Amino acid sequence: MDVCRIGKTWPEVKEKKRLAENRDNGLRLLVVCTLNQCEKDTDDYDDDDDDDDDDDDVPLLSIRRPTLYHLRGVRGATCDSVNPVTEPEISALRTRHQSRTFELPELSACEATNLIGFDTKNLQVCPPVEVTSGCSLRDLEYRTVDGSCNSLMNPDWGKSFTPPKRYLPAQYQDGIAAPRTLSVTGRELLSARYISHYVATKMPTPATHSAMVMAFGQYIDHDFTGFPVIKLNDSDTQCCMKDLDESMFVENGGPCFPIKIEDDEDFFKGRKCMEFVRSNAAMDEHNEYLNDEDFFKGRKCMEFVRSNAAMDEHNEYLSRLKTGKNNMLPDGGKTNCKIVDPSTDYCLFAGDHRVNVFVGLGIFHTIFHRFHNQMVDRLAVINPHWDPEKLYQESRKINAAIHQHTTYTEYLPAILNDDHLDKYRLRPGSYKYDPDLNPSMANSFSTAAFRFGHSQVNDYLKVGNDQIKTETTLMRPHLVLTRFDEVAYGLAVQPADVVDQFFSESMTDRLFEQNRTRRDGLDLVSLNIQRGRDHGLPPYNAFRKFCGLPAVTSFQSSVLQPNNRLDHVYIHVDDIDLFIGGVVERPLPGTILGPTFSCLVAQQFHDIKFGDRFFYETTHIREGFTEAQLTAIKSIKLSNIICATTGVTKIQPNIMHLADFRN
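For my numbering, count along the sequence shown from 1 and bump the result up by 1.
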């Protein structure tokens, strides 16, 4: 286990010296040192060290304006026809190559290219960059907050509040919108709670992965996915009320699809149903329901559309995110979570409203929030002429790249085996943007496959020397606000549970419980099953065929866990719900997932990678980074970020795995 001196960067005097020496080479950012570099004493880098090879000590991340350097690779440009998108680059170029002051004379784009050694004579004219209606020139360089304009030809691909894509056609009961409720035999499917209660039993088994793999997985899941449910008069719909009007129920076209609780239920004894409201239906620009393949919306976590009013709301939202005190997330009031101690607690405010659901979410939101702010502060010192928006966008761009890098190089290898990493080209170095590939979330991924992490949740959380029941921390940010470092470290040293049919009681019986005696909580496994039926997901066997796998023909199939009890809750193997089938599969060698979930997860991350114009490995300098910048980004691990943003003093290099002699 390596030692990490928190917040350790190069001495200020050394940084200033380095910046002065390298100003002509571009605007630069000092990145967080690696764990091994964190161990080095700063005395090794005092101001008396004048060796010429100092630049080899630590990677520097250049923050050059990308579109300017893109000129070096533009064909068909002449002095009179250089794309106007490059004009804003001129002042930065002038700063680096001439005056070294910030009182700059005008400089044409053509003169700018000559300054960096690019001969513009005798070149053919090229057409200007085509921008699809609704996308601005700024959208060429930076991601929008709602995901729009990533694809310039299909600007709604990957955008929030758009329908998820489907790998298979929907299977609604009526072929249009009604949830799947009948077996292939024509008999009624059993209740989602009945299935959960029999199959998702409580016998969790520790894994060799740390709880970080569960917490980080939930964090990125909330970045990707979310399904808004139907609300009536802007208020939450209650479906288990007595004497509820019959028109409210799904069989009559209403939003209520409550989960039936059987009379012989032992845990929720006396309760008749569990609340469940259908997802919002997706509509087209004419407010007409889309066809049965695209019936439900998805990816709501960034709740903004590109209208003026919404952008005003967006700017206000971002302003609030910048106002946190004591290096914590901003105060979101005291009504959207549960307050344990009024003197210290408040509901966390973040880019996703679900930040208070689990302490791991609060930890990762805060860590990346702090890391972003550190970059803003450093860039402001290096580039005092940058306005706040420029500082924000460049820091956001770097943070997003590091986030992608750690996801693909640390998280995915922890959940997928080598065969799937290779088959779906998920390793570094294979990126080439495919403008015809839709990176949007697949319904099967969001609604079933990527919910495997619910099986990894422990009954208890390790916080310092305490073991705290998980259900007592849900929707309660108290531990994040009062014991932040202990929670972060605990996630790294506590094992996650293996992915299987066994779930923590905090997930199946006591989710968001208000009163322990009344047992008024929810069952997350039931909710997952019901949401799949709500969305018209085809059953488990259909997705096995999609993945090129043979269909399961018996409940005792060798690809399934033994003693799975599926024959107690399903009439036919073709009735098995995708979520249940996925967690009951035996894991493949070298991974925590079975073949079906491995396929669906790998396919989705393949689509995200190759369908993302801004993926961090792009060689297009306008959207991406130089080779030196990319090398610096690739040197960073999640352990570095924790080292730089928390008070944790020791942590294993690969935080997805428990510390051992190899880690």
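Where a beta carbon is used, it is the ideal one built from N, C-alpha and C, also for glycine.
Since the model is a prediction, treat every value here as computed from it, not as a measurement.
Beta-carbon proximity check, S211 vs A489, cutoff 7 Å: As a first step, residue 211 must be located in the sequence shown, where it is residue number 210. As a first step, residue 489 must be located in the sequence shown, where it is residue number 488. Not in contact: S211 and A489 (Cβ atoms no closer than 7 Å).
Euclidean distance between Cα positions of E266 and S192: Position 265 of the sequence shown holds residue 266. Position 191 of the sequence shown holds residue 192. Across the structure, E266 and S192 are spaced so that their CA atoms are roughly 12 Å apart.
Residues bridged to V464 [DSSP beta-bridge criterion]: Position 463 of the sequence shown, counted from the first residue, corresponds to residue 464. DSSP, once it has assigned bridges, lists D467 as partnering V464.
Under the three-state DSSP convention, the category V500 falls into: For this step, residue 500 is matched to residue 499 along the sequence shown. It is coil, neither helix nor strand.
Cβ separation of T594 and V500, assumed to be a contact under 8 Å, to the nearest whole Å: In the sequence shown, counting from the first residue as 1, residue 594 sits at position 593. In the sequence shown, counting from the first residue as 1, residue 500 sits at position 499. The sequence given here has Leu at residue 594, not Thr. Confirmed, about 6 Å.
Check whether V185 and D575 have beta carbons under 7 Å apart: Numbered from its first residue, the sequence shown carries residue 185 at position 184. Numbered from its first residue, the sequence shown carries residue 575 at position 574. Contact flag set, yes.
Beta bridge counterpart(s) of I262 as assigned by DSSP: Here the question's residue 262 lines up with position 261 in the sequence shown. BP columns for I262 are empty, so no partner.
CA-to-CA distance, G333 to T646, given in whole angstroms: Here residue 646 refers to the residue found at position 645 of the sequence shown. Here residue 333 refers to the residue found at position 332 of the sequence shown. Between T646 and G333, the C-alpha separation is close to 21 Å.
Sufficient close CB pairs (3 or more, under 8 Å) joining the segment 592-612 to the segment 465-485: no
7 Å CB neighbourhood of S527 in its chain, flanking five on each side removed: By 1-based counting over the sequence shown, the position of residue 527 is 526. Short of 7 Å from the beta carbon of S527, and not among the five residues preceding or following it, lie these beta carbons of its own chain, in chain order: A193, R194, S197, I260 and M275.
Same chain only: Cβ atoms within 6 Å of G255, ignoring 5 sequence neighbours per side: In the sequence shown, the residue the question calls residue 255 occupies position 254. Only S248 and M249 meet the Cβ criterion.
Proximal residues to R534 (C-beta, below 6 Å), its chain only, five neighbours per side dropped: Residue numbering aside, residue 534 sits at position 533 when the sequence shown is read from its first letter. Counting only Cβ-Cβ distances below 6 Å, and skipping sequence neighbours, we find P180 and R181.
Neighbourhood of N542 by C-beta, 8 Å cutoff - its chain only, sequence neighbours within 5 removed: What you label residue 542 is simply residue 541 of the sequence shown in a count that begins at 1. Around N542: A552, V553, V574, D575, I577 and G582.
Alpha-carbon spacing of T206 relative to Q653, whole angstroms: Residue 206 sits at position 205 when you count from the first residue of the sequence shown. Residue 653 sits at position 652 when you count from the first residue of the sequence shown. Computed Cα separation, rounded: 22 Å.
Simplified DSSP assignment, three categories, for D223: The residue you call residue 223 lines up with position 222 of the sequence shown. First, the residue type needs correcting, since residue 223 is His and not Asp in the sequence shown. Correct three-state label for H223: helix.
beta-carbon D244 near the ligand GDP non-hydrogen atom, thresh 6 Å: Only the bare structure without any ligand can be found here, which leaves the ligand GDP out of the picture.
Whole-angstrom C-beta distance between P429 and K635, which should lie under 8 Å: Residue 635 sits at position 634 when you count from the first residue of the sequence shown. Residue 429 sits at position 428 when you count from the first residue of the sequence shown. That pair is a contact at about 7 Å.
Local Cβ density within 10 Å of D222, reported as buried at 16 or more and exposed below that: Against the sequence shown, residue 222 aligns to sequence position 221. When all chains shown are included, D222 counts as buried.
Cα-Cα separation, E487 to T367: Indexing the sequence shown from 1 puts residue 487 at position 486. Indexing the sequence shown from 1 puts residue 367 at position 366. So the alpha carbons of these two residues sit roughly 14 Å apart.
CB of F372 within 7 Å of CB of I642, strictly: Mapped onto the sequence shown, residue 372 falls at position 371. Mapped onto the sequence shown, residue 642 falls at position 641. A contact, by the Cβ cut-off of 7 Å.
Cβ-Cβ distance between N564 and R167 below 7 Å: The residue given as residue 564 occupies position 563 in the sequence shown. The residue given as residue 167 occupies position 166 in the sequence shown. Against a cut-off of 7 Å, the Cβ pair of R167 and N564 comes out as no contact.
Within 7 Å, strictly: CB atoms of Y220 and L362: As a first step, residue 220 is located in the sequence shown; it is residue number 219 there, counting from the start. As a first step, residue 362 is located in the sequence shown; it is residue number 361 there, counting from the start. Yes, the Cβ-Cβ distance between Y220 and L362 is below 7 Å.
Host beta strand (DSSP E) of H210 (start-end): Within the sequence shown, residue 210 is the residue found at index 209, counting from 1. P207 to S211 is the extent of the beta strand (DSSP E) around H210.
Beta-carbon gap between F258 and F228 smaller than 7 Å: Numbered from its first residue, the sequence shown carries residue 258 at position 257. Numbered from its first residue, the sequence shown carries residue 228 at position 227. Against a cut-off of 7 Å, the Cβ pair of F228 and F258 comes out as no contact.
Member of N234, S599 and R511 whose CA lies at the smallest distance from the CA of H421: Within the sequence shown, residue 421 is the residue found at index 420, counting from 1. Per the Cα distances, S599.
Outcome for F662 when other beta-carbon atoms lying within 10 angstroms are tallied against a minimum of 16: By one-based count along the sequence shown, residue 662 stands at place 661. Label assigned to F662: exposed.
Beta-carbon spacing of S161, G148 below 7 Å: Start at 1 with the first residue of the sequence shown, and residue 161 comes out as number 160. Start at 1 with the first residue of the sequence shown, and residue 148 comes out as number 147. Yes, the pair counts as a contact, with Cβ atoms nearer than the cut-off.
Classification of N253 by the beta-carbon crowding that lies within 10 angstroms, buried from 16 upward: Against the sequence shown, residue 253 aligns to sequence position 252. Sixteen is the threshold: since fewer than 16 other Cβ atoms of the shown chains lie within 10 Å of the Cβ of N253, the residue is exposed.
Bridge partner(s) assigned by DSSP for C240: Here residue 240 refers to the residue found at position 239 when the sequence shown is read from its first residue. DSSP output for C240 lists no bridge partner at all.
Residue environment, R188, which counts as buried when at least 16 other CB atoms sit within 10 Å: The residue given as residue 188 occupies position 187 in the sequence shown. The residue in question, R188, is exposed, as its Cβ has fewer than 16 Cβ neighbours within 10 Å.
Three-way DSSP call (helix, strand, coil) for V481 in this model: Translated into the one-based positions of the sequence shown, residue 481 becomes position 480. DSSP places V481 in helix when its eight states are reduced to three.
Reference E618, options L183, A178, K398 and D157, closest by Cα: Here the question's residue 618 lines up with position 617 in the sequence shown. That would be K398, whose Cα lies nearest to the Cα of E618.
Inter-residue CB distance, D498 and N459 (contact presumed, cutoff 8 Å): Locating residue 498 in the sequence shown gives position 497, where the first residue counts as 1. Locating residue 459 in the sequence shown gives position 458, where the first residue counts as 1. Going by Cβ atoms, the distance from D498 to N459 rounds to 6 Å, so yes, they are a contact pair.
Where A665 falls: helix, strand or coil (DSSP): In this structure the chain extends from 2 to 664, so residue 665 is not present and cannot be described.
Whether F616 touches D435 by CB criterion (7 Å): As a first step, residue 616 must be located in the sequence shown, where it is residue number 615. As a first step, residue 435 must be located in the sequence shown, where it is residue number 434. No. Outside cutoff.
Sequence-distant residues of the same chain with beta carbon closer than 8 Å to L538, five excluded per side: Counted from its first residue, the sequence shown places residue 538 at position 537. Contacts found: A171, Q172, R181, N444, S445, T448, A449, D578 and L579.
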